[in-house]
Amino acid sequence: MDMISGTDDDCSENAESRSKLPSSKYKGVVPQPNGRWGAQIYEKHQRVWLGTFNDQEEAAQVYDIAALRFRGQNAITNLKTTNDQDYMEKLFLTSHSKDEIVDMLRKHTYGQELEQSKQYYAAASCHMDLSGSNTINPFSEETREFLFEKVVTPSDVGKLNRMVIPKQQAEKHFALNPESASKGLLLNFEDELGTVWRLRYCYWSSSQSYVLTKGWSKFVKEKNLKAGDLVCFWRSINMGHAHHSKLHIDCKPGNGSDFEEMQSRVDLLDPVQTGSVVRLFGVNILEKPDKLYCT
DNA sequence: CAATGTGTTGAA
DNA sequence: TCAACACATTGG
Numbered sequence: 002m003d004m005i006s007g008t009d010d011d012c013s014e015n016a017e018s019r020s021k022l023p024s025s026k027y028k029g030v031v032p033q034p035n036g037r038w039g040a041q042i043y044e045k046h047q048r049v050w051l052g053t054f055n056d057q058e059e060a061a062q063v064y065d066i067a068a069l070r071f072r073g074q075n076a077i078t079n080l081k082t083t084n085d086q087d088y089m090e091k092l093f094l095t096s097h098s099k100d101e102i103v104d105m106l107r108k109h110t111y112g113q114e115l116e117q118s119k120q121y122y123a124a125a126s127c128h129m130d131l132s133g134s135n136t137i138n139p140f141s142e143e144t145r146e147f148l149f150e151k152v153v154t155p156s157d158v159g160k161l162n163r164m165v166i167p168k169q170q171a172e173k174h175f176a177l178n179p180e181s182a183s184k185g186l187l188l189n190f191e192d193e194l195g196t197v198w199r200l201r202y203c204y205w206s207s208s209q210s211y212v213l214t215k216g217w218s219k220f221v222k223e224k225n226l227k228a229g230d231l232v233c234f235w236r237s238i239n240m241g242h243a244h245h246s247k248l249h250i251d252c253k254p255g256n257g258s259d260f261e262e263m264q265s266r267v268d269l270l271d272p273v274q275t276g277s278v279v280r281l282f283g284v285n286i287l288e289k290p291d292k293l294y295c296t
């Protein structure tokens, strides 16, 4: 026997050049032809792809996060244990859909968005009136804080693919620290249908304005938003869980003709000042039942 | 064209 | 459920 040559079996330990790909020691991590590593998790008889990564450890970490979100705290993981997670991360994980988490993992933005959410949790706690006021319905676990509303302009729904947030409103409700101002933030807004819109929010120094950019044009398209329509921003705060705060966006058609009339309608809505729970669009019924998730 | 992610299979 | 493997699809 010519076992000496070993021509077709040279893929054992060293050269991973062709046929055989090196296996990973990590669960959910698979080799890619180009030497990188893929992460995947299975659910309901099918694979959910979690993206590709430069090294095994990164892919393994991504799998762990997905496993914790998909299967809970007792999930079998590679490295990360639930003890590693602080409370905020657990909150972050469970307050986002599986699709959202997967999207973050695939885009490598999970860490960034986790940090963002921590900032917002902190901000929400600070801004909340915790003086023991009894005006808020004690039986409601959630309060709705109206932020602001805008009548969208033609340019907001045009080809510029952005919406200007009135400066005063932006600085009041969506304060950006200097670092975030340049890079921008990726904010998650939930609409009345439960669809989450992930919009980039940043400051354009050239025009000295705050804008929603990436993701906005899709929102305009899907909602069939027209100039004169109203877009409302608000925040829900879940009192039960460490002031878990969530951002929301809703829109409603303008009355077609009179720009001024609609502008005046904005003033009728009463912000937080009263301390009461603001009820908005309680019975909004919109068309378009498609699309559960938007990039 | 290179890289990604799916179709598919067989093992556990 | 899982990883291995082949390769169709994607996207710059």
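According to this note's numbering, the first sequence is numbered sequentially starting from 2. Even glycine gets a Cβ: it sits at the ideal position worked out from N, Cα and C. None of the values given here were measured: they were computed from a predicted structure.
Legend entry - Reduced DSSP category for LEU188 - H, G, I as helix; E, B as strand; rest coil: LEU188 falls in the strand class under three-state DSSP.
Inset, instruction - Using the DSSP secondary-structure output, state which residues sit across from PHE54 in a beta bridge. - result: In the DSSP secondary-structure assignment, PHE54 is bridged to TRP38.
Legend entry - Buried/exposed call for ALA176, threshold 16 Cβ in 10 Å: A residue is called buried when at least 16 other Cβ atoms come within 10 angstroms of its Cβ; ALA176 does not meet this threshold and is exposed.
Legend entry - TYR202 versus SER208, LEU194, GLY216, residue with shortest Cα-Cα distance: Of the candidates SER208, LEU194, GLY216, the residue whose Cα lies closest to the Cα of TYR202 is GLY216.
Legend entry - For ALA171 and VAL300, the rounded distance between their alpha carbons: It is not possible to answer for residue 300, since the shown part of the chain is limited to 2 through 296.
Inset, instruction - Would you identify the three-state DSSP class for PHE234, choosing helix, strand or coil? - result: It is a strand residue.
Legend entry - Proximity winner among ASP100, GLY112, LYS99, SER98, relative to GLN86 (alpha-carbon distances): Out of ASP100, GLY112, LYS99, SER98, GLY112 has the C-alpha closest to the C-alpha of GLN86.
Inset, instruction - Grab me the residues of VAL221's own chain with a C-beta within less than 6 Å of its C-beta, minus the 5 sequence neighbours each way, in chain order. - result: Sequence-distant partners of VAL221 (beyond 5 residues in either direction) whose C-beta falls short of 6 Å from its own C-beta, in its chain, are VAL158.
Inset, instruction - Assign SER24 to buried or exposed, taking buried as 16 or more other Cβ atoms, counted over all protein chains shown, within 10 Å of its Cβ. - result: In this structure SER24 is exposed. Its beta-carbon is surrounded by fewer than 16 other beta-carbon atoms within 10 angstroms.
Legend entry - Residue interval of the beta strand (DSSP E) (run including SER210): For SER210, the enclosing beta strand (DSSP E) begins and ends at 210-213.
Inset, instruction - Please determine if the region 99-114 and the region 72-88 are in contact, where contact requires at least 3 C-beta pairs separated by less than 8 Å. - result: The region 99-114 is not in contact with the region 72-88.
Legend entry - Contacting residues, own chain, Cβ-Cβ under 7 Å from PHE93 (five flanking each side not counted): Within the same chain, PHE93 has close Cβ partners LEU115, SER118.
Legend entry - Exposed unless 16 or more other CB atoms sit within 10 angstroms - verdict on TYR27: With a threshold of 16 other beta carbon atoms within 10 Å, TYR27 meets it and is buried.
Inset, instruction - Could you check how far apart the C-beta atoms of LYS247 and GLU193 are, in whole angstroms? I think they sit under 8 Å. - result: About 13 Å; that fails the 8 Å criterion.
Legend entry - Per-residue DSSP class, three states only, for ARG70: Reduced to three states, the DSSP call for ARG70 is helix.
Inset, instruction - Give the DSSP-derived three-state secondary structure of PRO139 in the structure shown. - result: For PRO139, the pLDDT reaches just 42, beneath the cut-off of 50, and the residue's location in the model is therefore unreliable, leaving the point undetermined.
Legend entry - Terminal residues of the alpha helix (DSSP H) in which LEU226 lies: DSSP places LEU226 in no alpha helix (DSSP H); its state is neither H nor E.
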